[in-house]
Every structure is written in C-alpha cells, then in structure tokens.
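In our numbering, the protein residues as written are 1 to 365.
Backbone N, C-alpha and C define an ideal beta-carbon position, used for all residues, glycine too.
Remember, it's a predicted structure, so these values are computed and weren't measured experimentally.
Report on the structure given below.
Below you can see the structure in the form of structure tokens.
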C-alpha cells in the first residue's frame, strides 16, 4: 500500500465523519437518555482510555520488534500531549448536541533493571505518573481532572515466560460535580508466553476498587447509609499478539468483566458480561504510522429494570476508530484521530451513537 493511498483513506474517513450523521437511530427526542453519572462513567470507560491503551500497546510492541536497529532505549521519559477535539453527541441521547473540547495529558515514567530473586528471574521495575485535564467548551459539568501514580515489576519465570504485576492509584475530580469524583486502586497481574519472535499469548486479571469520597451509599429504600459508596470492578481475560514484520503489530483480547457496588438503590454500575478488543498497527513510509482499533462490550445488569419491561437492562456496545501519526522529529509527533461508538440497549432510552474527532501533538523528552 502506498503512502498516497493511506492519505486518501484517512481524508475520506474524516470527511464522512464530519459531514454526516451516524446511521443508527435510537429513541425519540422526548427521551431523557442517560443521567450525568452514567455519561461520566461511560466516557471514562470508552472515550479516551480504551483506544489510548490499545494505541500505546501497539506502538510499544512495534518499537520492541525492531529495537535491535534502534539506539539504546532510555530508562526514563516525560511526555506532554495537548489536543483539541469535537464530539458529535456529548449528552449521549437522541438530541445529538455537539461540543468542542480541549484535553491535555502529561506522563512521566522511569524504569530500572533487577537481577531477580527467589524463583523470579531478571527483569525490570519502575514507577510513573500522569495527569489528564479535560474541558468541554459548553458542557462544563462533565469537565474533570485526573491524576494517576503507579508502579510495576516484571520477571523472567522461564524461557519465553514473563510475569508482570502493576499497581495504579487514581484520583478523579469533576470540577462542577463533586459527587461524581472518586479515588481508585487497581492491581493487574499479567503472564505472557512468547512462542517465538512473531507470536505471543498472555493471560491477565485486573481488580479495581473505587471509593466515592463525596457520596454515601444508598439502601434499597433510597436512604443514605453511614458508609461511602464503593465499587469493585474485576476483569479476567486472555489475548494474542502477532508481529509478522517489523512494521506491523496485530492484537486481540477477550475478557469477562463484572462490577459490583455497595450502593443498592443506585445500582446502574452492577453488571457482568464479556468484551472483545482488537487493534492493528502499521508503520508507514515518510514517518507516518497508523493504528486501527475496535471492540464489542456486552453488559447484563444485575437488577436494573426499566419502564414497560420486566427484564433487566442489557447493553451491546460497539466502538471502532483509527489514529494517524506523523513524526515531525524523533521526539515530536502530531496525530489525527476518529472514534465511532454505538450503544444498543433493550431500554430504548439508553441507546445512542456518537463519534469523536481529535487532533493533537505529543512531545517527549
């Protein structure tokens, strides 16, 4: 595939996204749609974390696949990424109100090698931190600030077998809505087996504990309890990674996710179900690179019913997108990104479609 082909493809993708409405039609204009809390939760879960994590994973593995040709890797880095974007449906309902936003993220990390201990072989350990500052131009009640610090360690257990354990502490604050803010602790062990230089398989578990510091849990009768609201999110999955060439990386992951809250009355977070994610990364000519990503997420809510039905709510969430990168210099790159997402629910008021266009710059030292 030529460079001109990819340029034309990306231009067409953005043109169609910007001047057309997503094809899916949901509830009528009288629908109340999602609550502010539901919107905040879905944004954090899908808008900027899913695709960002996939992009980072793919680009990291692409660099590793050709590291023998590169200069020795630094054991520390600091990056700053300002970006501007447009979201077509900020309220996630049938009214389809759009808004622009500005986002700035900062990341810092450092790593060291260790010789191994007990039955654990040599590996790396390190820690890092970051901030995410997000601001809509008009929908200011959804603006937030997030700070994250964490640490990790990995070790060679056997030939081609690596174990990694990470811990992250996160604090998120909604500037105009204190009850939505929380702190969380996440622990994630990962076991990876590399069959050869091209194929690798991994299994993982993730446990996240959220504490809503400005909100009490509610009883089944909607009375405030003495304890703060707390949610426990768990995820267990396995994946496959394929690197057919030094300029390509493919990956797919399947997992089962569940969330449980001690807030009995407001239980919209209590769900369980499978999810599938995947990505494809290509290093292109002339300092360009491209990642495509997508996923499907099914949620069956434990006890949440809706008007006109005796069934509990079920959501089928789909998202797909891509990001085009251009390396201006070794430590500076610009990017264009498009993300489409769609939720199909048996509760018609919860269905929506949306897309996000964004552009930005990343500077790393």
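Cα-Cα separation between residue i and residue j, rounded to whole angstroms
i           : j           : result
residue 85  : residue 279 : 22 Å
residue 152 : residue 126 : 6 Å
residue 169 : residue 108 : 15 Å
residue 129 : residue 353 : 33 Å
residue 349 : residue 111 : 47 Å
residue 368 : residue 106 : Limits of the chain in this structure are 1 at one end and 365 at the other, which puts residue 368 out of reach.
residue 284 : residue 174 : 39 Å
residue 185 : residue 243 : 32 Å
residue 321 : residue 132 : 21 Å
residue 122 : residue 207 : 26 Å
residue 124 : residue 166 : 12 Å
residue 195 : residue 246 : 17 Å
residue 319 : residue 198 : 27 Å
residue 306 : residue 38  : 15 Å
residue 282 : residue 335 : 14 Å
residue 192 : residue 291 : 23 Å
residue 300 : residue 120 : 40 Å
residue 343 : residue 351 : 5 Å
residue 87  : residue 356 : 4 Å
residue 93  : residue 182 : 25 Å
residue 97  : residue 341 : 15 Å
Coarse secondary structure for residue i, derived from DSSP in three states
i           : result
residue 108 : strand
residue 97  : coil
residue 37  : helix
residue 300 : strand
residue 78  : strand
residue 350 : helix
residue 178 : helix
residue 316 : strand
residue 87  : strand
residue 140 : helix
residue 365 : coil
residue 164 : strand
residue 272 : strand
residue 260 : strand
residue 22  : Residue placement at residue 22 cannot be trusted, given a pLDDT of 44 that sits under 50; what the coordinates show is reported in the next sentence. DSSP places residue 22 in coil when its eight states are reduced to three.
Any non-hydrogen atom of the ligand MG within 7 Å of residue i CB
i           : result
residue 203 : Looking at this structure, you won't find the ligand MG or any other ligand, since it has none at all.
Cβ-based burial, residue i [other Cβ within 10 Å; buried from 16]
i           : result
residue 325 : buried
residue 161 : exposed
residue 48  : Confidence in residue 48 is poor, its pLDDT being 46 and thus under 50, which makes the residue's placement unreliable; the coordinate value appears in the next sentence. Buried, since its Cβ has 16 or more Cβ neighbours within 10 Å.
residue 75  : exposed
residue 328 : exposed
residue 159 : exposed
residue 345 : buried
residue 309 : exposed
residue 117 : exposed
residue 361 : exposed
residue 333 : buried
residue 200 : buried
residue 187 : exposed
residue 259 : buried
residue 81  : buried
residue 40  : buried
residue 20  : Confidence in residue 20 is poor, its pLDDT being 43 and thus under 50, which makes the residue's placement unreliable; the coordinate value appears in the next sentence. Exposed, by the Cβ-count rule.
residue 347 : buried
Close beta carbons around residue i, own chain, < 7 Å, minus the five adjacent residues each side
i           : result
residue 139 : 90 and 99
residue 190 : 164, 202 and 204
residue 136 : 90, 99, 101, 142 and 143
residue 154 : 123, 124, 162, 163 and 164
Cβ shell of residue i (< 6 Å), same chain only, five flanking positions each side left out
i           : result
residue 331 : 364
residue 439 : Not covered by the structure: residue 439. The range shown for the chain is 1 to 365.
residue 337 : 323 and 358
residue 251 : 241 and 279
residue 253 : 237, 239 and 277
residue 256 : 236 and 274
residue 157 : 163
residue 288 : 326
Bridge partners - residue i, DSSP secondary structure assignment
i           : result
residue 124 : 113 and 154
residue 237 : 204 and 255
residue 291 : 281 and 323
residue 343 : 317 and 352
residue 171 : 147 and 183
residue 211 : 183 and 230
residue 133 : 104 and 145
residue 245 : 248
residue 335 : 325 and 360
residue 191 : 163 and 203
Contacts around residue i, its chain only, beta-carbon distance under 8 Å, and the 5 residues preceding and following it disregarded
i           : result
residue 36  : 141, 142, 177 and 180
residue 298 : 273, 274, 275, 314, 315, 316 and 317
Interface flag, residue i vs chain C, CB-CB below 8 Å
i           : result
residue 136 : The structure shown has no chain C; it contains just one protein chain.
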